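*Asks:*
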Amino acid sequence: MKNIKVGVIGMGRIGKIHFDNLKNQIEHVEVLAISDPFFTKNVGVPNISSEELIQHKDIEAVIICSPTDTHADYISLCAKAGKHVFCEKPHDLSVNRVLETLQEVRDSGVKLMLGFNRRFDPNFQKIRSLVQQGEIGDVHLLKITSRDPAPPSLEYLKSSGGMFLDMTIHDFDMARFIMGKEVGEVYAVAGAFTSESVQEANDIDTAVITLKYEDGTMAVIDNSRKAIYGYDQRLEIFGSKGMAKVDNNKPDTHVLYNEYGAHGALPLNFFMERYTMSYKVEMQKFIEALVDDQPLPISGIDGLKAMMIALAAQLSIAENRPVTIKEISEEKVGREYTEQIIVK
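According to the UniProt record's numbering, the residues represented by the sequence shown are 1 to 344, in order.
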């Protein structure tokens, strides 16, 4: 079985995770180069410019972990060079730019996978399988709690696209993935309570979003940028046959009982620890799809659909009303593209 030769653009927190997994944890792959002008550590492969990496004659796939505002440009260059792409979310902050690059990818015949790693978490995969097997019965309601331990820096916030496109987009994707249904309507309320930096960036840090699926069933998402007790990642699904839930992962499961009450470990600190396994499996599935020339588990269209939910949530806050996905798709995407590309 052949090895897929790859290059990694961007060696920040997530880039290092993917690089380490590709080098040490995943079969049938060889990392030929990285590209990051601010990364100086010797990792055993050349650190070259992004243009050199994309044009490298032996590299077959590019892993894009650079800042958001570079993603679409790199995807476009990769499509023109005939390189397969794994790109961290979001694809871009402009719908038009996403559409342009999706068309370039489609025309070039390369594969594009977006980094929605939570789909590969063993706990969430178990919930999805219970839904698919009918163990929950007719599913009526999904509840997702997603709270970060601390807000990011002001510099990061200013270029992130806002909490819905940067953070909650994972939850929007999970809402589609777990239920296996498309969202029809979004209503959101939000505020900025945890950080002056969030307010200065004209962003939000706390939100409750209600999603109504096309069949009338519902999901509720609550977000916060600052949970002082750690990385809060919980999910509950309720239906006619019962309920299933996923609680937080912790370093250990001890509980101390004394005269002051019961005390246990806090949740894992942040996404690097909580989703270690999901990052590995996500990249493994990408490489396997290239080796076997099979469809990818997550497509660029999945990224676009999560983005449209995020845009609907933004508009809902701005206009204080429920917003349909149809409004967003026809205004931002265009009816013809929706019918020809997204629905397929």
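Beta carbons are placed, not taken as given, at the ideal position from N, Cα and C, and that holds for glycine.
Just so it is clear, the structure is predicted and the values come from calculations on it, not from any experiment.
1. Throw me the rounded Cβ distance for the VAL110 and ALA79 pair, which I believe falls under 8 angstroms.
2. Can you check DSSP and say which residues form a bridge with GLY175?
3. Assuming TYR231 contacts PRO322 under a Cβ cut-off of 8 angstroms, what Cβ separation, rounded to an integer in Å, is found between them?
4. So, for MET163: in the same chain, excluding its five sequence neighbours on each side, which residues have a beta-carbon less than 8 angstroms away from its beta-carbon?
5. If the criterion is Cβ atoms closer than 8 angstroms, does the pair ASP215 and LYS181 meet it?
6. Taking all protein chains shown into account, decide if PRO295 is buried (16 or more other Cβ within 10 angstroms of its Cβ) or exposed.
7. Can you say whether GLY7 is buried or exposed, counting buried as having 16 or more other CB atoms within 10 angstroms of its CB?
8. Would you say LEU141 and PHE238 are within 8 angstroms of each other, going by their C-beta atoms?
9. Taking DSSP's pairing of strands, which residues face SER240 in a bridge?
10. If you check the beta carbons only, do LEU130 and ALA244 fall under 8 angstroms apart?
11. What is the residue span of the alpha helix (DSSP H) that SER129 lies within?
12. Take every Cβ of the stretch 115-127, pair it with every Cβ of the stretch 171-187, and state whether three or more of those distances are shorter than 8 angstroms.
13. So, is GLY303 buried or exposed, given that buried needs 16 or more other C-beta atoms within 10 angstroms?
14. Less than 8 angstroms between the beta carbons of PHE120 and LYS285, yes or no?
15. Which same chain residues, not among the five before or five after SER316, have their C-beta less than 7 angstroms away from its C-beta?
16. When DSSP labels each residue in this structure, what does HIS28 get in the three-state scheme?
17. Please report how far the alpha carbon of ASN123 lies from the alpha carbon of THR194, in whole angstroms.
18. Give the DSSP bridge partners of LYS245, in chain order.
19. Could you check the C-alpha separation between THR68 and GLU100 for me, to the nearest Å?
20. Tell me which residues share the same chain as ALA192 and place their Cβ nearer than 6 angstroms to its Cβ, disregarding the 5 neighbours each side in the sequence.
21. Rounded to whole angstroms, what's the CA-CA distance from GLY161 to ASN42? Just pull it up for me.
22. What number of angstroms, rounded off, separates the C-alpha of GLN103 from the C-alpha of VAL62?
23. With DSSP as the reference, please indicate the residues paired to PHE86 in a beta bridge.
*Replies:* To lay it out plainly:
1. Start at 1 with the first residue of the sequence shown, and residue 110 comes out as number 110. Start at 1 with the first residue of the sequence shown, and residue 79 comes out as number 79. About 6 angstroms separates the two Cβ atoms, so the contact holds.
2. Your numbering for residue 175 matches position 175 in the sequence shown. Looking at the sequence itself, residue 175 is Ala, so the reference to Gly does not match. None; ALA175 has no bridge partner.
3. Within the sequence shown, residue 231 is the residue found at index 231, counting from 1. Within the sequence shown, residue 322 is the residue found at index 322, counting from 1. Actually they do not touch by this definition, with Cβ atoms about 30 angstroms apart.
4. Your numbering for residue 163 matches position 163 in the sequence shown. Only ALA190, ASP203, ILE204, ASP205, ALA207, ASN223 and ARG225 meet the Cβ criterion.
5. Locating residue 215 in the sequence shown gives position 215, counting from the first residue. Locating residue 181 in the sequence shown gives position 181, counting from the first residue. Yes, Cβ-Cβ distance for ASP215 and LYS181 is below 8 angstroms.
6. Mapped onto the sequence shown, residue 295 falls at position 295. Exposed, by the Cβ-count rule.
7. As a working mapping, residue 7 is identified with position 7 in the sequence shown. Per the 10 Å Cβ criterion, buried.
8. Sequence index remark: in the sequence shown, residue 141 carries index 141 (1-based). Sequence index remark: in the sequence shown, residue 238 carries index 238 (1-based). Contact: yes.
9. Taking the sequence shown and counting its residues from 1, the one referred to as residue 240 is at position 240. The partner list for SER240 (beta bridge, DSSP) is empty, contrary to what the question assumes.
10. The residue you call residue 130 lines up with position 130 of the sequence shown. The residue you call residue 244 lines up with position 244 of the sequence shown. Result yes, Cβ atoms of LEU130 and ALA244 sit closer than 8 angstroms.
11. For the purposes of this step, residue 129 is taken as the residue at position 129 of the sequence shown. Run containing SER129: 122-132, per the alpha helix (DSSP H) assignment.
12. In the pairwise beta carbon analysis, the stretch 115-127 is classified as touching the stretch 171-187: at least three pairs are separated by under 8 angstroms.
13. For the purposes of this step, residue 303 is identified with residue 303 of the sequence shown, where counting begins at 1. Burial of GLY303 is indicated by the presence of at least 16 other C-beta atoms within 10 angstroms of its C-beta.
14. Locating residue 120 in the sequence shown gives position 120, where the first residue counts as 1. Locating residue 285 in the sequence shown gives position 285, where the first residue counts as 1. Yes, the Cβ-Cβ distance between PHE120 and LYS285 is below 8 angstroms.
15. Within the sequence shown, numbered from 1, the residue matching residue 316 stands at position 316. Cβ neighbours of SER316 beyond the five flanking positions: VAL186, TYR187, ALA188, PRO322 and VAL323.
16. Taking the sequence shown and counting its residues from 1, the one referred to as residue 28 is at position 28. Under the three-state reduction of DSSP, HIS28 is assigned to coil, being neither helix nor strand.
17. If you number the sequence shown from 1, residue 123 lands on position 123. If you number the sequence shown from 1, residue 194 lands on position 194. Cα to Cα, ASN123 sits roughly 29 angstroms from THR194.
18. For this step, residue 245 is matched to residue 245 along the sequence shown. GLU236, per the DSSP bridge assignment.
19. As a working note, residue 68 is residue 68 in the sequence shown. As a working note, residue 100 is residue 100 in the sequence shown. Rounded to whole angstroms, the gap between the alpha carbons of THR68 and GLU100 is 16 angstroms.
20. For the purposes of this step, residue 192 is taken as the residue at position 192 of the sequence shown. Cβ neighbours of ALA192 beyond the five flanking positions: VAL198, GLN199, ILE204 and ASP205.
21. Translated into the one-based positions of the sequence shown, residue 161 becomes position 161. Translated into the one-based positions of the sequence shown, residue 42 becomes position 42. Cα-Cα distance, rounded: 33 angstroms.
22. Your numbering for residue 103 matches position 103 in the sequence shown. Your numbering for residue 62 matches position 62 in the sequence shown. Taking the Cα positions, GLN103 is about 18 angstroms away from VAL62.
23. Residue numbering aside, residue 86 sits at position 86 when the sequence shown is read from its first letter. ILE63 and MET113, per the DSSP bridge assignment.
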